[in-house]
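Here the structure comes first, spelled out in C-alpha cells, and everything after it is commentary.
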Amino acid sequence: LLGATGAVGQRYITMLSGHPLISLEVVMGNRSANKKYGEAVQWLSAEPIPEEFAAKKILESSPESADGCDVIFSALPAHAANDIEMEFARAGFTVVSEASAHRMNSDVPLMIPEVNAEHLKLLDLQRRNRSWKGSLVTTPNCTVTGLAIVLKPIVQNFNCSRVIVTSMQAVSGAGFPGVSSMLIVENVIPYIEGEEEKVARETTKILGKLKDGGVTPVEIPMALSCNRVPVLDGHLETLYVELNERVTPEEVAGTLDSFVGPPQEMRLPTAPDRPIIVRKEKDRPQPRLDRLSGSVPGMSVVVGRIRRGIDDRSIQMTLLSHNTIRGAAGNAILTLELMARKGYV
Ligand SMILES: NC(=O)c1ccc[n+]([C@@H]2O[C@H](COP(=O)([O-])OP(=O)(O)OC[C@H]3O[C@@H](n4cnc5c(N)ncnc54)[C@H](OP(=O)(O)O)[C@@H]3O)[C@@H](O)[C@H]2O)c1
3 LLGATGAVGQ RYITMLSGHP LISLEVVMGN RSANKKYGEA VQWLSAEPIP EEFAAKKILE
63 SSPESADGCD VIFSALPAHA ANDIEMEFAR AGFTVVSEAS AHRMNSDVPL MIPEVNAEHL
123 KLLDLQRRNR SWKGSLVTTP NCTVTGLAIV LKPIVQNFNC SRVIVTSMQA VSGAGFPGVS
183 SMLIVENVIP YIEGEEEKVA RETTKILGKL KDGGVTPVEI PMALSCNRVP VLDGHLETLY
243 VELNERVTPE EVAGTLDSFV GPPQEMRLPT APDRPIIVRK EKDRPQPRLD RLSGSVPGMS
303 VVVGRIRRGI DDRSIQMTLL SHNTIRGAAG NAILTLELMA RKGYV
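Each residue of the sequence shown is one higher than the one before, counting from 3 in this note's numbering.
Below, the structure is given as C-alpha cells:
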C-alpha cells in the first residue's frame, strides 16, 4: 500500500484487516518511511488501528520494498503518483490507483465495478502499448463515484439529455490535514480547484462504451458546481437530470432501487447487496446519518428526494456517498476483487 498514512490509506488499513482474499503485507510512505505505522500516522477513525498494522514498519516507496507482493494499491497524491506508479507497473506489479495522474490515459481503465466492468479489457491494449508485464488500473475522483453509480441505471433505462450537479463535499476529500479549520468552520467554500472539469471528464469516460480498443465517452452535457462544506466524511450531491422522454419519479426510484452489477452477481466480498439505497423520507440522505449505510458500511450510495423537475421530462434527487470508502479505498478493493475473479491478477 502506497500512501498508507493518508486519509485514504487509513481506510485501506481498516478495510483490508481480515479481508478474505487480500493480505496487506507492506505499507509504504514518504516522510513516515522507516517509522512504525502506529507511531507515524495521525489516526483519524474512532476505531483503533488494527493490531497487525500498528507495529508494522513503513518502508520506502520503491518496487524493492514490495518484493514478493502481486498488487500495489496506490493512495498517493497525483504529483507523486505520476512517476512512482509507472515505476511499479514497469517492475511487473498490478497497480490499482486512487490518484488522478493516469485516470484519463486512453489505455488505462477508470473503474467502478458495478458500472463499467467491461472496461478492464483496456488492459490487453495497455500491455501491448507499453510492453510491460504489470498493469495500471485507476479509480475515480470521490465525487464521481456516487454520481456515476446513480447515473448508470438512468442512462441505461432512459433517454438522458443533460445533467446538472451541485456537490457538497466533505473535508476528508481534501486529504489530511486538508483544508484549514480557519477556512472551513462555520463556512462553505464554493470552489474546489479543477474539480468540476475532473468530475465531468471522468463521469463521461466511465459511462462510455468500449469501441475500437478504446473508450468513447458518453455524450451527455454536464454542468457542475462543487463546494467544500464543514462535514467530516460523505459527499452530498443534488442531481438534476433532463430526459428526451416522459418519466415519473416512481419509475426512476424503481430503476435505482433494483440496480445491481457484476460485483453483486459474483458476490464479491466488498460488494454491498444494494449499490443504491433509495430512501423515502423527505429529509434524507444526510451525511451523518446515512454515510455508513448498507450491508458493507459505506459502499452503498444513498439516494432520496426523488421528484419531478420543471416538467415531466426532468427529475431531481439528492445522493450521498462515503468519499473515502465508496469514493476511494472500498471502490479500489472491489475493483481488485473483480480483477481477480476475471483472471486479470
Ligand atoms: N480523500 C478522499 O476522499 C479521496 C477520494 C478519492 C481519491 N483520493 C485520492 O487519493 C489519493 C490520496 O488521498 P489522501 O486524501 O489520502 O491524501 P493524504 O491524506 O494527503 O495522504 C497522502 C499520502 O501519500 C504519501 N506521500 C505523499 N507524497 C509522497 C511521495 N512523494 N512518495 C511517497 N509517498 C508520498 C503520504 O505519506 P507520508 O505521510 O509518509 O509523507 C501520505 O501517506 C490522492 O491522489 C487523492 O486525490 C482521495
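Here a beta-carbon is modelled for each residue, glycine too, at the ideal position from N, C-alpha and C. As the structure is a prediction and not an experimental result, all values here were calculated from the model.
Asked, Found
"Take V220 as the anchor and find which of L4, L336, I156 has the nearest alpha-carbon.", "I156"
"In the DSSP output, what is T168 paired with across the bridge?", "S227, T240"
"Give me, in chain order, the residues of the same chain whose beta-carbon lies closer than 8 Å to that of R315; leave out the 5 immediate sequence neighbours on both sides.", "E244, L245, N246, E247, R248, V249"
"Taking Cβ positions, are H237 and S323 nearer each other than 7 Å?", "yes"
"Classify L294 as helix, strand or coil using the three-state DSSP reduction.", "coil"
"Report the rounded CA-to-CA distance for P264 versus M184, giving the unit in angstroms.", "44 Å"
"Drop a sphere of 10 angstroms on the beta-carbon of I312, count the other beta-carbons inside from all chains shown, and report buried for 16 or more, exposed for fewer.", "exposed"
"How many whole angstroms separate the CB atoms of I24 and I335, which I take to be in contact at a CB cut-off of 8 Å?", "7 Å"
"Identify the residues that DSSP records as bridge partners of C162: which are they?", "L245"
"Using only alpha-carbon positions, find the residue among S302, T16, T240 that is nearest to I317.", "T240"
"Checking 7 Å against the spacing of the C-beta atoms, do N84 and A57 come in under that value?", "no"
"Taking R164 as the reference, give the member of A202, A172, S182 with the closest Cα.", "A202"
"Contact check, A9 vs L46 under 8 Å by CB: the rounded distance?", "6 Å"
"For a test of the three-state rule: what should DSSP assign to I312, helix, strand or coil?", "coil"
"What are the boundary residues of the beta strand (DSSP E) that includes T62?", "Note that residue 62 is Glu in the sequence shown, not Thr. Per DSSP, E62 belongs to the beta strand (DSSP E) from 60-62."
"For the pair the segment 267-282 and the segment 176-192, tell me if three or more CB-CB distances fall below 8 Å.", "no"
"Compare the Cα-Cα distances from E27 to each of N107, T272, K37, A6 and report the closest residue.", "A6"
"Please determine, among V110, Q171, K135, K213, the residue with the shortest C-alpha to C-alpha distance to S401.", "With the chain running from 3 to 347 in the structure shown, residue 401 is simply not present."
"Starting from the Cα of S63, find the closest Cα among I74, I186, E54 and give me that residue.", "I74"
"Go to M184, then tell me how far its alpha helix (DSSP H) extends in each direction, as first and last residue.", "183-186"
"Tell me the rounded alpha-carbon separation between K154 and L209.", "7 Å"
"Would you give the residue range spanned by the beta strand (DSSP E) that M268 belongs to?", "First-last for M268: undefined, no H or E at that position."
"Starting from V347, follow its DSSP beta bridges and name the residues at the other end.", "V347 pairs with nothing; no bridge assigned."
"Please classify S297 as buried or exposed, where buried requires at least 16 other C-beta atoms within 10 Å of its C-beta.", "exposed"
"So, under 8 Å CB-CB, G136 and G70 are touching, yes? Tell me the CB distance rounded to an integer number of Å.", "With 8 Å as the limit, G136 and G70 do not qualify as a contact, their Cβ atoms being about 15 Å apart."
"What's the C-alpha gap between E54 and L18?", "11 Å"
"Might you give, ordered along the chain, the residues of its own chain that have their beta carbon closer than 7 Å to the beta carbon of L270, omitting 5 neighbours on each side?", "L336, E339, L340, R343"
"CB of A68 to nearest heavy atom of ligand 1: below 6 Å?", "no"
"In chain order, what residues of the same chain have a beta carbon less than 7 Å from the beta carbon of P115, not counting five sequence neighbours either side?", "G263, P264, P265, L336, T337, L340"
"At a threshold of 6 Å, does F178 count as lining ligand 1 (C-beta to nearest heavy atom)?", "yes"
"Is E100 near ligand 1, with its Cβ less than 6 Å from a heavy atom?", "yes"
"To which residues of the same chain is A255 closer than 6 Å at the C-beta, ignoring the five residues directly before and after it?", "V280, I308"
"Looking at chain C, is there any beta carbon in it that lies within less than 7 Å of the beta carbon of G300?", "The question asks about chain C, but that chain is absent: this structure has only one protein chain."
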